[in-house]
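Take a look at the structure below.
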Amino acid sequence: MEEIKKEETQSLVGAGEVSKVHAVKNKIVKCVCGNKMHFIAGVVLILILASVAGYYYKTKPTDIGLEGAKNKVLEFVNGNLLQPGTEAELVSVAKENDLYVVTIKVGEQEIPTYLTRDGKKFFPQAMETEITDADAEKKTTQAMEIPKTDKPTVELFVMSYCPYGTQMEKGILPVISTLGDKMDYSLKFVDYAMHGNKEIDENLRQYCIQKNQPTKLSTYLACFLKKGEGTSDACLTASGISATSIKSCVAQTDAKFSIKKDATDKAKWSNAQYPPFNIDKDDNLKYTVQGSPTLVVNGVIAESGRDSASILKVICEAFNNAPEECLAQLSATAPAPGFGEGKAATDDAASCAN
């Protein structure tokens, strides 16, 4: 048998190399037999490497897959971010680098959301870390210090069916009640509509209430923001507003700004996606309004939370001499996005933007 093995070795390595093979073999045997500690150290090293490999295998990042990402986002959004009776629908799901991009539809609005591959972190909005010149200019504009005045001018730009716009409106209503005529407040509208004809109609309605009966706008909004679509007539009545006069104003305003006519002409749509709503277009351009909500204080876009306490603080810092009303203790919890009376599940400041 030993002779056969010799012949096999000779055939594989060549007759002239047999002596070298035996030499290596003898060294290995000598090393193992002569120094058991070396052998034991080698075994321990192998065991350590095996343990590390096993730990990596057990702790390596998991990937829930496209189906898992879809289900996770819908379950989280519908269970935590939306009011009962409102439900998000899936539009698409795709993998982008180390995230899943799950686009959902709430009402007429499509919203891209983001989820980590393990499904443990949800992001309602993504921000680019590579700043372009245009982004830098916009950021500089937004970072401008708000000038102080005796009576601050406050303008809130929204879309009437944007869930984040309605969230900001619910947050600012207690501030309006608190400061009253100590500030010059006006509700304005983003120069495009993302939520269909119902939004165009409601924007026009709220514009006309503010124009004709401004003292009743907050009462109307407090009613409308509870349930939204289908409650405008009841809220007009509850607020003591003449529906006939508002309808007349809506017709005149629509004709003046060609609102519904332009809504049927896609050549005039914003980025070929959404119909224009040009009542406050000049102010949108003046302040570089990007989406809903946008809060402008004394001519400067203001960064603020959506809770009443934060909004009050931002406005009160714009007074030369803040009135005692600025000491009011308002809620520091942001209202829930959309319609209804709940509280926000997160502090994310998402927006409706083209």
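Per the numbering used here, residue 1238 is the first one in the sequence shown, and the count goes up by one each step. Even glycine gets a Cβ: it sits at the ideal position worked out from N, Cα and C.
**Study point:** Minimum length 4: unbroken alpha helix (DSSP H) runs contained in the stretch 1389-1468
**Key:** For the stretch 1389-1468, whole alpha helix (DSSP H) runs of length 4 or above, ordered along the chain, are 1400-1416, 1433-1449 and 1454-1464.
Point to revise | Status (buried if at least 16 other CB within 10 Å, exposed otherwise) for S1455 | key: The C-beta of S1455 has 16 or more other C-beta atoms within 10 Å across all chains shown, which makes the residue buried.
Practice item. Starting from the C-beta of S1541, find all residues in its chain whose C-beta is less than 6 Å away, skip the five residues before and the five after it, and write them out in chain order. Key: In the same chain as S1541, and ignoring 5 residues on each side of it, the C-beta atoms closer than 6 Å to its own belong to L1532, S1547, I1548 and V1551, in chain order.
Practice item. Examine the Cβ distances between the stretch 1422-1441 and the stretch 1517-1525 and report whether three or more of them are shorter than 8 Å. Key: In the pairwise beta carbon analysis, the stretch 1422-1441 is classified as touching the stretch 1517-1525: at least three pairs are separated by under 8 Å.
Check your understanding: Among the residues of its own chain, which have a CB less than 7 Å from the CB of F1461, if the five just before and after it don't count?
Key -> Correct list, in chain order: T1468, S1469 and C1472.
Practice item. Classify T1403 as buried or exposed, calling it buried when 16 or more other Cβ atoms lie within 10 Å of its own Cβ. Key: Classification for T1403: buried.
Point to revise | Boundaries (first-last residue) of the alpha helix (DSSP H) holding V1314 | key: Where V1314 is concerned, there is no enclosing alpha helix (DSSP H), because DSSP gives it neither an H nor an E.
Check your understanding: What are the start and end residues of the alpha helix (DSSP H) that includes S1482?
Key -> A1480 to F1494 is the span of the alpha helix (DSSP H), which, as asked, contains S1482.
Practice item. State the DSSP-derived secondary structure class of L1567, mapped to helix, strand or coil. Key: Of the three classes helix, strand and coil, the one that applies to L1567 here is coil, per DSSP.
**Study point:** Backbone secondary structure at C1268 - three-state DSSP
**Key:** Confidence at C1268 is low in this model, with a pLDDT of 41, below 50, so the placement of that residue is unreliable and no value is reported for it.
Review point. From V1330, G1577 and G1302, pick the residue whose C-alpha is nearest to that of P1349; which is it?
Key: With distances taken between Cα atoms, P1349 lies closest to V1330.
Review point. Can you tell me the Cα-Cα spacing of E1333 and A1573, whole angstroms?
Key: Going from the Cα of E1333 to the Cα of A1573 covers about 29 Å.
Check your understanding: Is it right to say M1381 is buried, meaning 16 or more other beta carbons lie within 10 angstroms of its own, or is it exposed?
Key -> Result: exposed.
Review point. To which residues of the same chain is F1360 closer than 6 Å at the C-beta, ignoring the five residues directly before and after it?
Key: Y1351.
Point to revise | Whole-number beta carbon distance between F1556 and P1389, since they are thought to touch under 8 Å | key: About 6 Å separates the CB atoms of P1389 and F1556; that is less than 8 Å, so the two are in contact.
Exercise for review: State the start and end residues of the unbroken beta strand (DSSP E) segment that holds S1329.
Suggested key: E1326 to E1333 is the span of the beta strand (DSSP E), which, as asked, contains S1329.
Check your understanding: Got a sec? Which residues, its chain only, sit under 7 Å from E1324 by beta carbon, not counting five neighbours each side?
Key -> Taken in chain order, the residues that qualify are N1315.
Review point. To the nearest angstrom, how far is it from the Cα of A1586 to the Cα of L1393?
Key: Roughly 15 Å between the two C-alpha positions.
Check your understanding: Taking all protein chains shown into account, do 16 or more other C-beta atoms lie within 10 angstroms of the C-beta of D1355, making it buried, or fewer, making it exposed?
Key -> Counting Cβ neighbours within 10 Å, D1355 comes out exposed, since fewer than 16 surround it.
Practice item. Run the CB neighbour count on K1309, radius 10 Å, all protein chains shown included, and call it buried at 16 or more, exposed below. Key: Flag for K1309 reads buried.
Practice item. Tell me whether A1500 sits in a helix, a strand or coil according to DSSP, three-state version. Key: Correct three-state label for A1500: helix.
Exercise for review: Can you have a look at S1495 and say buried or exposed, based on whether 16 or more other CB atoms are within 10 angstroms of its CB?
Suggested key: By the C-beta density criterion, S1495 is exposed, having fewer than 16 other C-beta atoms within 10 angstroms.
Point to revise | Nearest-angstrom Cβ-Cβ length linking N1591 and S1507, presumed shorter than 8 Å | key: The pair is a contact, with the Cβ atoms about 5 Å apart (cut-off 8 Å).
**Study point:** Same chain, Cβ closer than 7 Å to K1505, five either side skipped, listed in chain order
**Key:** Closer than 7 Å at the Cβ level, and outside the excluded window around K1505, lie D1499 and P1513.
Point to revise | Pick from P1400, G1465 and V1338 that is closest to A1571, judged by C-alpha positions | key: Looking from the CA of A1571, the closest CA among P1400, G1465 and V1338 belongs to P1400.
Check your understanding: If you follow the beta strand (DSSP E) that V1339 is part of, which residue opens it and which one closes it?
Key -> Taken as a continuous stretch (DSSP letters only), the beta strand (DSSP E) holding V1339 covers L1336 to V1343.
Review point. For S1588, which three-state DSSP category applies?
Key: Here S1588 sits in coil by DSSP.
Exercise for review: Can you check DSSP and say which residues form a bridge with S1507?
Suggested key: BP columns for S1507 point to Y1511.
Check your understanding: The beta strand (DSSP E) spanning V1526 covers which residue range?
Key -> Element bounds for V1526: n/a, residue is neither H nor E.
Point to revise | G1465 to M1431 span [Cα, whole Å] | key: As the crow flies, the alpha-carbon of G1465 is around 16 Å from that of M1431.
Review point. In the structure shown, what three-state DSSP assignment does E1540 receive?
Key: When secondary structure is reduced to three states using DSSP, E1540 falls in the coil class, being assigned neither helix nor strand.
Check your understanding: Hey, K1453 and I1446 are a contact pair by Cβ (cut 8 Å); roughly how many whole angstroms apart?
Key -> With 8 Å as the limit, K1453 and I1446 qualify as a contact, their Cβ atoms being about 6 Å apart.
**Study point:** Exposure of T1606, with buried meaning 16 or more beta-carbon neighbours within 10 Å
**Key:** No information on residue 1606 is available, as it lies outside the stretch 1238 to 1591 that the chain covers here.
Practice item. Could you give the DSSP three-state label for K1580: helix, strand or coil? Key: The answer is strand: DSSP assigns K1580 an E or B state.
Check your understanding: When DSSP builds the beta bridges, which residues end up paired with E1347?
Key -> Partner(s): K1342.
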